[in-house]
Every structure is written in C-alpha cells, then in structure tokens.
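Working notes, beginning with the structure itself.
Rendered as structure tokens:
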C-alpha cells in the first residue's frame, strides 16, 4: 500500500497524493471548486474509513471525523457495531502538491492532515464526473467486510479542535446535498 500514487517520481515529475473525503468535499462539484480544476485526471471511488465516526460541527454545514473510541468516551455512547464505527466517503488519487495546498487552506486549521488506511467499495473510475454520486452514499454495507476488499493508504483531515465544538449527532451527506450544496458548489 502506498500513500503516494507513484513512489518512483523523479525531479521532473510531481509527486501525486491520495486522499479520503467524507464531508462537503465528498461531492465532486465542491471538490472541483476547491481544487479550481475539472479533476478529469483524478481517480475516485467510494470507500470506508474504519475506526472513526463522522459528527456534525456545531453551527456549521460541514462534519468532522474523530476516532470512534474518543467519540464514544466523550459522547457517552457505547456502540461497537462496525456500521457505526466507520465513515463512508470517497477515495481520490492523483492529487498534486498544489491540490494539497488548496485543500489545506480549505480546511482552515480546524483539522489535522493524517495518514489513514481505508477500504475501497468499488474500483476507482477516471475523472470526478465519472462517479455515480449514489455509490458514494448508498447505505447498503453488505460485503464490505469481505477479504476481497482492497485497502489503500491515503491522507484525510481529522478534527483538531475541542470535541465540545461537535454535536453527538452524525452528519448526513444526503441532507447536505438536499439543503446546502447549492451554497457550496
């Protein structure tokens, strides 16, 4: 598993990155706006991040992920269900250093960039517009714990602020698309 898309880069080639997005950047329209480009050269696939929970950020349209154990301790929940202790999102590969700078700026210091391991739910498709949005949010999770599932390393942004700024309620991508996407994309 590689964090970078190509560990054989030379001084003439730019290193490529992979990332996992789970909130507003999950929608290709928002991601293209932040990257300031079409993303036709990127690959994207639905993915699962195990061991984390996605929460609503108080007074915000966007979410945050925190370790599931930290979430359960802080919010006094005790679920050990694999379906609760994971975050649905998308894996994007082929990101440039310039893309990562834009993403860091977009995340505005609220998050820490962290290397994680995720599970792909489908093979990546070429180009941000090629992804079926429904595949990113389909709640059916059967088969995702199969040994055949591919794992990948990627970067993601985990919550780096006080947990008091989060709500116990989980954040809904479906609600975001229905109620807020027009303001973001």
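Numbering (this note's numbering), first residue to last: 589 to 773.
No residue lacks a Cβ here, since even glycine has one placed at the ideal position from N, Cα and C.
Check	Outcome
Contact the region 641-649 vs the region 745-755: 3+ CB pairs below 8 Å	yes
Touching by the beta-carbon criterion (3+ pairs, under 8 Å), the region 702-720 and the region 630-641	yes
For residue 757, the first and last residue of its enclosing beta strand (DSSP E)	754-758
Extent of the continuous alpha helix (DSSP H) to which residue 761 belongs	761-767
Backbone secondary structure at residue 721 - three-state DSSP	helix
Local conformation of residue 771 per DSSP, three classes	helix
Rounded distance between the beta-carbons of residue 653 and residue 610, thought under 8 Å	6 Å
Residue 729 classed as buried or exposed, judged by whether at least 16 other C-beta atoms fall within 10 angstroms	With a pLDDT of only 48 at residue 729, under the threshold of 50, the placement of this residue in the model should not be trusted; the figure read from the coordinates follows. Classification of residue 729: exposed, given that the 10 Å Cβ count is below 16.
Continuous beta strand (DSSP E) assignments of at least 3 residues falling wholly in the region 627-705	631-638, 640-645, 651-655, 674-683
Chain B within 8 Å of residue 690, Cβ atoms only	Judged by its chain identifiers, the structure shown contains no chain B, having just a single protein chain.
Own chain, CB closer than 7 Å to residue 613, minus 5 neighbours either side, in chain order	619, 622
Beta-carbon separation (whole angstroms), residue 745 vs residue 688, contact threshold 8 Å	Contact flag wrong, Cβ pair sits at about 11 Å.
Between the CA atoms of residue 638 and residue 738 - distance to the nearest angstrom	13 Å
Pick from 663, 666, 684 that is closest to residue 627, judged by C-alpha positions	684
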